[in-house]
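Take this note's numbering: the final residue in the sequence shown is number 312, and no numbers are missing along the way. Beta carbons are placed, not taken as given, at the ideal position from N, Cα and C, and that holds for glycine. First up is the structure itself, then whatever we jot down about it.
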Amino acid sequence: MDQTLTELRTVNVIRYVTPLREGGSMPAIVEADDGFLYVIKFRGAGQGTNALIADLVGGELARALGLKVPELVFIHLDEGFGRSEADEEIQDLLKFSVGLNLGLHYLSGAITFDSTVTQLDPLLASKILWLDCLLTNIDRTCRNTNMLIWNKELWLIDPGASLYFHHNWSNWKEHILTPFALVKNHVLLKQASKLNEADVFCKQLLTTERIESIVALIPTDWLKDEPLFESKEAQRNAYTTFLLTRMQHSDIFIKEANDAREKLI
48 MDQTLTELRT
58 VNVIRYVTPL
68 REGGSMPAIV
78 EADDGFLYVI
88 KFRGAGQGTN
98 ALIADLVGGE
108 LARALGLKVP
118 ELVFIHLDEG
128 FGRSEADEEI
138 QDLLKFSVGL
148 NLGLHYLSGA
158 ITFDSTVTQL
168 DPLLASKILW
178 LDCLLTNIDR
188 TCRNTNMLIW
198 NKELWLIDPG
208 ASLYFHHNWS
218 NWKEHILTPF
228 ALVKNHVLLK
238 QASKLNEADV
248 FCKQLLTTER
258 IESIVALIPT
268 DWLKDEPLFE
278 SKEAQRNAYT
288 TFLLTRMQHS
298 DIFIKEANDA
308 REKLI
């Protein structure tokens, strides 16, 4: 697989189409100046730019593993764009989201993945679960799978609840070696019978250079001022350290997942 990572494209919002009111972050469908529709994740939403960082890093890591993810783009929102918006809540969201946001290509007509209807290849299910354990993604459950079926293929979306250590950097190093107990709630746990094979596969593709190049995509102004770090570059490097070190100790979360799976089946 090609390990070369290109920069994300940047597009501009030209039309607000409709809000997506699932969850608390209220993303929306917008039209951009390239003529395509995108689901925009707003920097002014509840979890701020941390959720955008998790979406960006999680999405591009999935893509590096050959998993299907809608194209991610940086999506610019001009000042004053929401002045004509009648809904005050949406107007405030647009106001606080001026600048660079994150968008993913809108998959028109996609349906939500249902694990009781669709059985995945065990290795594919294992790769997805492995990645979610690496990222500590708490939000791929039966209630909210964050997976879509589009053109008869499985697509991953919205890993914004990953990397939750970055909401409180004070103990981020301790999170590296956590077993990720919440894997017991993962929607694909029952189907993920080839975790050891997935571990070998994923580690071969997620090289140090690959991870560094993905983390380098994070816009500097998405990184908050954190007193724990001497600079934003040091904070950026902490993401790389987290991912690389956690991957080196993947046996910890693989054991947790396999133990949880044995209890389930």
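Query, Result
"Contact check, G129 vs K142, beta carbons under 8 Å", "yes"
"Alpha helix (DSSP H) segment containing L119, residue limits", "No alpha helix (DSSP H) contains L119, which is instead part of the beta strand (DSSP E) from 119-124."
"Rounded straight-line distance, which links the Cα of G146 to that of H123", "5 Å"
"Where G150 falls: helix, strand or coil (DSSP)", "strand"
"Residue burial classification, P206 (beta-carbon count within 10 angstroms, cutoff 16)", "buried"
"Own chain residues within Cβ distance below 8 Å of D306, not counting five before or after", "none"
"Test item: CB-CB of S162 and K241 under 8 Å", "no"
"Whole runs of the beta strand (DSSP E) within the segment 52-140, excluding any shorter than 3 residues", "57-66, 75-79, 84-88, 119-124"
"Through-space distance from E309 to S144, alpha-carbon basis", "45 Å"
"Close Cβ partners of L290 (< 6 Å) along its chain, the five nearest in sequence each way excluded", "I258"
"Between the CA atoms of D168 and M194 - distance to the nearest angstrom", "15 Å"
"Inter-stretch contact at 8 Å, needing at least 3 Cβ pairs: the segment 292-302 / the segment 218-232", "yes"
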